[in-house]
Each structure stands twice: as C-alpha cells, then as structure tokens.
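Asks: Got a structure here, written out as structure tokens. Questions coming.
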Amino acid sequence: MHALDITDGDSVDAFAKAVVADLGDVEVLISNAGAVAPGTIHEVDTDRFARELDLNIVGAHRLVRSFVPDMVARQRGDVVFVSSDVAVRARPFMSSYAAGKWGLEGMAHAMQMELEGSGVRASIVRPGPTWSEMGTDWDVEQAAFVLNQWVRFGMARHPHFMKPQAIADAIAMVVRAPRGVHLNLIEVSPEAPIATTPITEPVEGR
Numbered sequence: 192m193h194a195l196d197i198t199d200g201d202s203v204d205a206f207a208k209a210v211v212a213d214l215g216d217v218e219v220l221i222s223n224a225g226a227v228a229p230g231t232i233h234e235v236d237t238d239r240f241a242r243e244l245d246l247n248i249v250g251a252h253r254l255v256r257s258f259v260p261d262m263v264a265r266q267r268g269d270v271v272f273v274s275s276d277v278a279v280r281a282r283p284f285m286s287s288y289a290a291g292k293w294g295l296e297g298m299a300h301a302m303q304m305e306l307e308g309s310g311v312r313a314s315i316v317r318p319g320p321t322w323s324e325m326g327t328d329w330d331v332e333q334a335a336f337v338l339n340q341w342v343r344f345g346m347a348r349h350p351h352f353m354k355p356q357a358i359a360d361a362i363a364m365v366v367r368a369p370r371g372v373h374l375n376l377i378e379v380s381p382e383a384p385i386a387t388t389p390i391t392e393p394v395e396g397r
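Note that this note's numbering numbers the sequence shown so that position 123 is 314, with each residue one more than the last.
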C-alpha cells in the first residue's frame with residue numbers, strides 16, 4: 192500500500208516508482224478518482240470548481256504521464272478511465288463534475304487514436320447511478336433537493352443504484368479482453384426493478 196495524492200505531480204511520480212519497484216511493470220492503470228460538491232454554476236466558488244477539475248481530469252493526466260510511457264515502450268498495457276453518465280447527460284447542480292467527466296472522455300478518445308498500433312489500449316467505463324462514498328458528505332436537505340431536481344428533468348426513471356462491484360466487474364471485462372480486441376467504451380446502468388404492472392397495456396379494439 193502506497194500513499195497517493197492525485198492532485199500532486201510529485202506524489203504521483205513517487206507512487207509510480209514505488210509500485211514498479213514493488214510489483215514490477217504495470218500492466219493495468221485505472222483512473223477512478225473523482226469528487227463532486229453540489230451547487231449552481233453561478234454560485235460555485237471558482238477555486239472549488241478548479242479543485243474539482245484538477246481531481247477529476249488533470250489528476251488522470253498525471254497518472255497517464257507517469258505510467259503510460261513505459262507501457263508504450265513495452266508495447267503492452269491497458270488504461271481504463273472511469274467516467275460517468277453525466278459525461279453525456281449532464282445533471283443540474285453537478286456542473287464541475289459534468290465538465291470534468293466530459294473532458295475526461297475527450298482526453299480518452301484522443302488517447303485511443305494516439306495509441307492505436309502501440310499495443311496499449313485506452314478504454315472508458317461509463318457508470319450510471321452507483322452506491323459509493325461520493326455524496327455522503329452532502330447535507331440531507333441539499334441532497335433531497337438535488338435528487339428531486341433530477342426527477343424533474345427526467346434523470347431518475349427508477350430508484351435502483353448499482354453496487355461498486357458492478358463497476359469493478361466491467362473494468363475486469365475490459366482488461367481481460369483478448370489481444371486483438373479493444374473495448375473502447377462500456378456503459379453500465381442499473382437494471383430497473385421488475386414491473387408490477389404490464390409494461391404495455393392492451394389497446395381497445397385490437
């Protein structure tokens with residue numbers, strides 16, 4: 192176990208060296224760090240907005256800079272960026288998180304093209320609603336308001352959330368794909384609860 196501050200380039204470099212010294216060449220790099228604090232875009236403090244972008248996207252680039260050159264030199268490796276469905280369906284009161292994940296996917300798509308033919312695969316896993324520690328520090332009333340706004344804008348069709356293991360399983364599927372196969376993007380969503388009424392009602396006269 193090694194300490195890592197993804198917002199500090201020196202910490203990331205030291206972490207990379209320690210991992211290689213302990214475990215040898217890195218075959219799989221997963222960029223998963225992220226944070227979100229709710230608020231309207233015109234009221235969010237600019238410094239806080241910048242800190243969240245630093246964590247959600249610049250931190251991922253620090254990891255890439257520290258680990259991927261060796262992968263390219265060996266012509267082998269997998270880089271998995273854990274994104275979010277907000278990258279394609281932005282939610283209100285999560286502007287910095289949405290901006291960070293949009294940027295993360297843009298960086299990943301560019302990286303996929305740049306690494307083509309190198310033997311290194313860059314992939315995106317895009318989870319939907321998932322139970323995690325993210326948001327557990329929100330004020331209860333604030334969280335309820337935000338969730339109600341998601342319902343208002345049609346972003347909560349059902350109440351089910353995934354467990355983190357579902358995302359881990361998706362990542363494992365990506366990196367276990369045989370050589371010659373590249374899973375560019377995997378979108379993972381919670382399955383809706385079993386309907387208690389027919390999904391389609393019969394139409395009279397038919």
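Note that CB positions come from ideal geometry on N, CA and C, so glycine has one too.
Leaving out the 5 sequence neighbours to the left and right, which residues in its chain are closer than 6 Å to D133 when beta-carbon positions are compared?
Replies: Outside the shown range of the chain, which is 192 to 397, sits residue 133, and nothing can be said about it.
Asks: Within 10 angstroms of its Cβ, does F336 collect 16 or more other Cβ (buried), or is it exposed?
Replies: Counting from one through the sequence shown, the residue named residue 336 turns up at place 145. Exposed, by the Cβ-count rule.
Asks: Here's a check: name, in chain order, each residue in its chain whose Cβ is nearer than 7 Å to the Cβ of A299, leaving out the five neighbours to either side.
Replies: The residue given as residue 299 occupies position 108 in the sequence shown. Answer for A299: F272, A313 and I315, listed in chain order.
Asks: Is L376 helix, strand or coil by DSSP?
Replies: Residue mapping note: residue 376 aligns to position 185 of the sequence shown, counting from 1. Looking at L376 - three-state DSSP - the assignment turns out to be strand.
Asks: Given Q333, which residues of its chain have a CB within under 8 Å of its CB, disregarding the five upstream and five downstream residues?
Replies: Here residue 333 refers to the residue found at position 142 when the sequence shown is read from its first residue. Contacts found: P229.
Asks: Among the candidates A241, R267 and I221, whose CA atom is the shortest distance from the CA of V227?
Replies: For the purposes of this step, residue 227 is taken as the residue at position 36 of the sequence shown. Answer by Cα proximity: A241.
Asks: Give me the Cα-Cα distance between S309 and V263, rounded to the nearest whole angstrom.
Replies: The residue you call residue 309 lines up with position 118 of the sequence shown. The residue you call residue 263 lines up with position 72 of the sequence shown. Taking the straight line joining both Cα atoms gives about 6 Å.
Asks: Buried or exposed: where does P355 fall if 16 or more other Cβ atoms within 10 Å of its Cβ makes it buried?
Replies: Here residue 355 is taken as the residue at index 164 of the sequence shown, counted from 1. The residue in question, P355, is exposed, as its Cβ has fewer than 16 Cβ neighbours within 10 Å.
Asks: For K292, count neighbouring Cβ atoms within 10 angstroms of its own Cβ and tell me buried if that reaches 16, exposed if not.
Replies: Here residue 292 corresponds to residue number 101 of the sequence shown, with the count starting at 1. Answer is buried; the Cβ neighbour count reaches 16.
Asks: Which same chain residues end up closer than 6 Å to H193 when comparing Cβ atoms and leaving out the 5 residues on each side of it in sequence?
Replies: Taking the sequence shown and counting its residues from 1, the one referred to as residue 193 is at position 2. Excluding sequence neighbours, H193 sits near F206 and A209.
Asks: Whose C-beta lies closer than 8 Å to the C-beta of V379 among residues of the same chain, with five residues either side of it excluded?
Replies: Translated into positions along the sequence shown, residue 379 becomes position 188. Answer for V379: V316, R317, P318, G319, M353, A357, I358 and A361, listed in chain order.
Asks: Is N375 buried or exposed, if buried means 16 or more other CB atoms sit within 10 Å of its CB?
Replies: The count along the sequence shown starts at 1 and reaches residue 375 at position 184. That one is exposed.
Asks: List in chain order: all unbroken beta strand (DSSP E) runs of 3+ residues lying wholly within the stretch 222-264.
Replies: With a minimum length of 3 residues, no continuous beta strand (DSSP E) run stays inside the stretch 222-264.
Asks: Just to confirm my understanding: we take A224, look at its own chain, exclude 5 residues before and 5 after, and list those with CB closer than 7 Å. What are they?
Replies: Against the sequence shown, residue 224 aligns to sequence position 33. So the qualifying residues of the chain are I197, L246 and G250.
Asks: Who are I362's beta bridge partners in DSSP?
Replies: By 1-based counting over the sequence shown, the position of residue 362 is 171. DSSP lists no partner for I362.
Asks: From this set, I377, G371, S286 and H351, which residue's C-alpha is nearest E234's C-alpha?
Replies: The sequence position of residue 234 within the sequence shown is 43, counting from 1. Out of I377, G371, S286 and H351, S286 has the C-alpha closest to the C-alpha of E234.
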